[in-house]
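Step one of this worksheet: look at the structure below.
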Amino acid sequence: MSRQILVTHALPYANGPLHFGHIIEAVQTDVWVRFQKLRGHHCLFVCAEDTHGTPIMIRAQQEGITPEQLIAASATDHARDYEGFMIGYDHFHSTHSAENREHTYALYTTLRDKGHITRRSVRQAYDEQAGMFLPDRYVRGNCPRCDAADQYGDSCEVCGATYSPADLKNAVSTVTGTTPVLRDSDHLFFKLGDFETMLRQWLTDSHLQESVQAKLAEWFEAGLKDWDISRDSPYFGFEVPDAPGKYFYVWFDAPIGYIGAFAALCAKRGLDFDHWWKSETATELHHFIGKDISYFHTLFWPAVLHGGGLRRPTAVHVHGFLTVDGAKMSKSRGTFITASRYLQLLPGEPLRYYFAAKLTGGIEDIDLSLDDFTARVNSDIVGKLVNIASRCAPFIERAGGHLADTLPDSALYTRFIEGREHLASLYEARDTAALVREVMHLADLANQYVDQQKPWIMAKDPARSDEARAVATQAINLFRVLLVYLSPILPRITQTAAGWLGEDAFASWDSVETPLTSRAIGKYPQLATRLDPALVKQLVVSPATPAAPPAPAKATVKAAATPAVGTPPATKAAPVAATHQEPAMITIDDFAKLDLRAARVLECSRVEGSDKLLCFKLDLGDHQRQVFSGIAASYAPEQLIGRFVVMVANLAPRKMRFGISEGMVLCASGKAEGGPDTVFLLSADSGVQPGMKIS
RNA sequence: GGCUAGGUAGCUCAGUUGGUUAGAGCACGGCACUCAUAAUGCCGGGGUCGAGGGUUCGAAUCCCUCCCUAGCCA
Numbered sequence: 006m007s008r009q010i011l012v013t014h015a016l017p018y019a020n021g022p023l024h025f026g027h028i029i030e031a032v033q034t035d036v037w038v039r040f041q042k043l044r045g046h047h048c049l050f051v052c053a054e055d056t057h058g059t060p061i062m063i064r065a066q067q068e069g070i071t072p073e074q075l076i077a078a079s080a081t082d083h084a085r086d087y088e089g090f091m092i093g094y095d096h097f098h099s100t101h102s103a104e105n106r107e108h109t110y111a112l113y114t115t116l117r118d119k120g121h122i123t124r125r126s127v128r129q130a131y132d133e134q135a136g137m138f139l140p141d142r143y144v145r146g147n148c149p150r151c152d153a154a155d156q157y158g159d160s161c162e163v164c165g166a167t168y169s170p171a172d173l174k175n176a177v178s179t180v181t182g183t184t185p186v187l188r189d190s191d192h193l194f195f196k197l198g199d200f201e202t203m204l205r206q207w208l209t210d211s212h213l214q215e216s217v218q219a220k221l222a223e224w225f226e227a228g229l230k231d232w233d234i235s236r237d238s239p240y241f242g243f244e245v246p247d248a249p250g251k252y253f254y255v256w257f258d259a260p261i262g263y264i265g266a267f268a269a270l271c272a273k274r275g276l277d278f279d280h281w282w283k284s285e286t287a288t289e290l291h292h293f294i295g296k297d298i299s300y301f302h303t304l305f306w307p308a309v310l311h312g313g314g315l316r317r318p319t320a321v322h323v324h325g326f327l328t329v330d331g332a333k334m335s336k337s338r339g340t341f342i343t344a345s346r347y348l349q350l351l352p353g354e355p356l357r358y359y360f361a362a363k364l365t366g367g368i369e370d371i372d373l374s375l376d377d378f379t380a381r382v383n384s385d386i387v388g389k390l391v392n393i394a395s396r397c398a399p400f401i402e403r404a405g406g407h408l409a410d411t412l413p414d415s416a417l418y419t420r421f422i423e424g425r426e427h428l429a430s431l432y433e434a435r436d437t438a439a440l441v442r443e444v445m446h447l448a449d450l451a452n453q454y455v456d457q458q459k460p461w462i463m464a465k466d467p468a469r470s471d472e473a474r475a476v477a478t479q480a481i482n483l484f485r486v487l488l489v490y491l492s493p494i495l496p497r498i499t500q501t502a503a504g505w506l507g508e509d510a511f512a513s514w515d516s517v518e519t520p521l522t523s524r525a526i527g528k529y530p531q532l533a534t535r536l537d538p539a540l541v542k543q544l545v546v547s548p549a550t551p552a553a554p555p556a557p558a559k560a561t562v563k564a565a566a567t568p569a570v571g572t573p574p575a576t577k578a579a580p581v582a583a584t585h586q587e588p589a590m591i592t593i594d595d596f597a598k599l600d601l602r603a604a605r606v607l608e609c610s611r612v613e614g615s616d617k618l619l620c621f622k623l624d625l626g627d628h629q630r631q632v633f634s635g636i637a638a639s640y641a642p643e644q645l646i647g648r649f650v651v652m653v654a655n656l657a658p659r660k661m662r663f664g665i666s667e668g669m670v671l672c673a674s675g676k677a678e679g680g681p682d683t684v685f686l687l688s689a690d691s692g693v694q695p696g697m698k699i700s
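Throughout the first sequence, residue numbering follows my numbering, covering 6 to 700 in sequence.
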C-alpha cells in the first residue's frame, strides 16, 4: 500500500551561511525521504528560505542593500550547500513569496473570524534614534539579579535569570548605542489557550518522542499563553491586512512557508493542494526539527493549522544539537564549521554517512568527533563495504566480465535479505545509527566469507576458475544487498555502483529478493576514496586575525553559536560576519608557508584506470617531480607538454592508487558560462624559468 | 533559577521490563593472508557504568543528593 507523505525540515534563516547544525538535520530528513521513495511510496520533500524579521532588515541596512538582495544572495549560497550534501528537495521555495503571503493572509483571516485573535497593548523597548521597537536580543545591559555586564534583554548567561529588557540596568540599544525608552503599542495575539483540549488530544495521537512529550507536559503545566504575532513598522515581512503599520511576526509566517512551498510545487506538478492539506487521513505530514524549536512546532503550529481549517502534522521528529569534539560549536574555537567550508575540502557523502551513523531518532545531542569521523568513514565505507566489491571485481573481470549463473551459498544470501523488514523499521524510526551498525555487521560477514573461500587461490588453478567466479559473484551480490540498504544514505556511491552492476540493481528496496546472476557487468569503478586526515583537520580553523573589517560599533551581538535550525530570529541575533562564505583571513606569514614554484611540464600522460587523472613529470630546475592532477576532463595530456604551470612544491607527498603525488598543480575552476564545471590551469608569462619561486 | 534530556573502555556509542564473568566499532598489541584503496581474517590487553548515599537476595538499570554537558523558559 503506497503512502502519500509530505516531508519538511526547518527553514534556514536567510541571514547567514549554513553550518553543520543545518546539515545534520537536512541529512536526516533527506535520508528518510530517500528511504520512503526507495520503498515505493509517494513522498514529497519541500523546504524554503526563511526571510523575514528584524535581523534581516538590520543586516541589509548595515550592508547597504535591500532585504530582497540579501535573501537572494543567501538563497543562492544555501542552495549550493544543500546540493553539495545531495539533499534532494522536490521543491525549495521562499517565505517572501506570493504563495506564502496568500496562505498567511488566509490563515490569519480565518483565525480572526473564528475569534482566535485578540488585541492588547504591549510595553516594549524603543530606540528613538533608529525609530524602531527593539527585540529583546537587541537590548544589552547589566543583569538585574547578578549585575553581570553586557547581558541580553531577555536572560542572563552568567546567572541564568530570565527577565524583560525593562529590568535591565544601564540598558543600551545594540542598533544605535543609545539608551532605549519604553513605549506602548497595540499588538495582535493568537489565543493558544483556545486549543488546549485539541492539542492534548493531538499529542497523544501523533507520534512524538517520549522525551518531547515530557517537555510538552511541562508547558501545559505552566499554562498556554497568548502568542504575540505582530510587530511594529519598520519590519521586513507581510503587513497585517486589517492593521496598517503592523507586520506579521516572522515566526507566524515562517512555518506557513511549508504550505507556500508545497503550493508552489502543486503549480509545478499539478498536485491537488486540498488533498494534502485539508485531509488528515489520506496523506501524511512530517516535520523534522531541532529540539530548540519544539514549542513552535508542537503547540503553535498544530493550533494555527487546526484553527485555520487545515490538517495537523502526522508527526514532528525532533533531533538533538550538534557538538564538535564534545563541545558546543564555537567561532572562537574554530569549530563553527560551515557547510561551504566543509565542501571546499571534502565531498558531502562521507559526512552524510557519519551523521546517519550517529542519529538515533532520539533528542540527545550528537557529537562530531573529527578523528572518529575519519576513522569511521575510512574503516566502514572503504575498508569494509566497498572492499567487498573491489576485492572481488578482478575475479569477474578475468572471467570475461560475466557474473556466474547461480550463487554458491544461497543460505548466506538469504541471511542477508531476511532481516530487511527489521532494517526498514529502523529507517522508519530514524534510528539510522542502529541500521548502520547492523549493516556493517553484515559487511563483516561478507568479508569473512571471502576470506574463508580464498578465491585468489582458486583463480591460480585454471581448473577452478569457475569457482573463483562463483565466489566473487556471491560476494558482489552480498555487497549489492548492503548498498541497497545504505543507498538512502549514500546516493553517490549507489549511483556509481549502478553504472557498474546495472541501473536496476538499486532501484527498489525489495529488488534484493532477486540476486544478480548471469549478467555482464562493467569495469569496476572506484566507488569511494579514503578521507585524508590532514584535510579533515583543516575543518577547524583558528579564528581570523583582526585584519577583518571591524564589526559595526555596538553591534557585537553574539552569533547563534548553536545550530539555529529553524527560525528564531527574534531571539538569536544576527551574526555580523561577511554574508558570503569566504575563507578566514590569513597573514603574510600564513601565505609564506606555501612554496609555490613555476614548473615546466616534461611529460604528461593519462593514467590507466582513471578517467580523471593526468600524471605529470615536472621540471623544477634542480630536480623533477611526479604529480597527479584530476584535470583529464579539461585537458589533453599532449597539449600540455612543454608549457609552464604553477605548483605547490611543499605539499606533503600523498600516496595514491597509481603512485606517489609529490605536489599539486594549481587551477582555477568553476562553471564556465552555461557550461559544466571546468578547470583552467594557471601559467606564468614567457621568460619564466623552471623552479622560480612565486610570491 | 525552574524544567527536559545526556554523563558506560583512549575515542564514538549499544545495553530491551533490575538477574550469571558489562558489549560493539575505531585506536592499541600479537599472529595469519596477499584478492582488495597500507585493505581483510583470527587472537588479545583495556571499564569501581559522573560522585556519594539508599531500596533489593541481586543495581549501569529503581529512589535521593550533588557535580558536569546541551536545550527550553514562548
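We put the CB at the ideal spot given by N, CA and C, even for glycine.
Are the Cβ atoms of residue i and residue j separated by less than 9 Å?
i, j, result
"VAL12", "HIS192", "no"
"SER523", "LEU687", "no"
"ALA473", "ALA539", "no"
"ILE422", "ILE481", "no"
"VAL38", "ILE494", "no"
"PHE450", "ARG485", "The question names Phe, but residue 450 in the sequence shown is Leu. Result no, Cβ atoms of LEU450 and ARG485 do not sit closer than 9 Å."
"LYS174", "ASP152", "yes"
"ARG435", "VAL32", "no"
"VAL309", "LEU431", "no"
"TYR18", "ILE63", "no"
"VAL489", "ALA510", "yes"
Just curious, the alpha helix (DSSP H) that residue i is in, first and last residue?
i, result
"ARG145", "Per DSSP, ARG145 belongs to no alpha helix (DSSP H); it is in the beta strand (DSSP E), 144 to 147."
"MET445", "437 to 458"
"GLU369", "Taken as a continuous stretch (DSSP letters only), GLU369 belongs to no alpha helix (DSSP H), as it is neither H nor E."
"ARG125", "Taken as a continuous stretch (DSSP letters only), ARG125 belongs to no alpha helix (DSSP H), being part of the beta strand (DSSP E) at 122 to 132."
"VAL32", "25 to 43"
"THR343", "Taken as a continuous stretch (DSSP letters only), THR343 belongs to no alpha helix (DSSP H), as it is neither H nor E."
"TYR359", "353 to 363"
"ARG274", "255 to 274"
"SER430", "425 to 433"
Work out the CA separation of residue j and residue i for me, nearest whole Å.
i, j, result
"ASP189", "GLN66", "25 Å"
"PRO140", "LEU487", "51 Å"
"ALA464", "GLN500", "30 Å"
"GLN156", "ASP297", "21 Å"
"PRO588", "PRO249", "Reliability of the predicted coordinates at PRO588 is poor, the pLDDT of 39 falling under 50, and the value obtained from them is presented with this limitation in mind. Roughly 44 Å between the two C-alpha positions."
"HIS212", "ASP82", "34 Å"
"VAL517", "GLY366", "26 Å"
"THR184", "ARG236", "21 Å"
Please identify the residue among the options whose C-alpha is closest to the C-alpha of residue i.
i, options, result
"ALA512", "LEU491, LYS528, TYR347, PHE253", "LEU491"
"PHE649", "ALA603, GLY635, ILE122, LEU506", "ALA603"
"ALA398", "ARG535, ILE526, HIS98", "ILE526"
"LEU625", "GLY26, LYS698, PHE633, ASP537", "LYS698"
"MET669", "GLY647, LYS622, VAL693, GLN694", "LYS622"
"VAL441", "ASN452, GLU433, LEU428", "LEU428"
"ALA361", "LEU75, TYR300, GLU443, TYR347", "GLU443"
"ARG607", "ILE636, LEU645, THR328", "Residue 607 is actually Leu in this sequence, not Arg. Among ILE636, LEU645, THR328, the Cα nearest to that of LEU607 belongs to LEU645."
"LEU671", "ASP600, GLU215, CYS161, SER610", "ASP600"
For the beta strand (DSSP E) containing residue i, name the first residue and the last one.
i, result
"ARG236", "235 to 237"
"ASN175", "174 to 178"
"GLU289", "289 to 295"
"LYS622", "619 to 624"
"SER190", "186 to 195"
"PHE50", "47 to 54"
"SER634", "629 to 634"
"VAL486", "It is not in any beta strand (DSSP E) - VAL486 instead sits in the alpha helix (DSSP H) that spans 470 to 491."
Is there contact between the stretch 532 to 545 and the stretch 332 to 344, where contact requires at least three CB pairs shorter than 8 Å? Touching, yes, given that three or more Cβ pairs across the two stretches are closer than 8 Å.
contact_flag[the stretch 256 to 269, the stretch 50 to 70] where n(CB pairs < 8 Å) is 3 or more: For the pair of segments examined, the stretch 256 to 269 was found to touch the stretch 50 to 70: the number of CB pairs separated by less than 8 Å reaches three.
Report yes or no: do the stretch 287 to 302 and the stretch 313 to 330 share at least 3 C-beta pairs separated by less than 8 Å? Three or more Cβ pairs closer than 8 Å define a contact, and the stretch 287 to 302 meets that threshold against the stretch 313 to 330.
Is the stretch 36 to 55 close to the stretch 95 to 108, with three or more CB pairs under 8 Å? Counting Cβ pairs under 8 Å, three or more are found: they touch.
Touching by the beta-carbon criterion (3+ pairs, under 8 Å), the stretch 297 to 314 and the stretch 217 to 237: Put simply, the stretch 297 to 314 touches the stretch 217 to 237. At least three CB pairs are less than 8 Å apart.
Mind the definition here: the stretch 86 to 97 touches the stretch 263 to 276 only if three or more C-beta pairs lie below 8 Å; say whether that holds. Counting C-beta pairs with one atom in each stretch, the stretch 86 to 97 and the stretch 263 to 276 have three or more that are closer than 8 Å, which means they touch.
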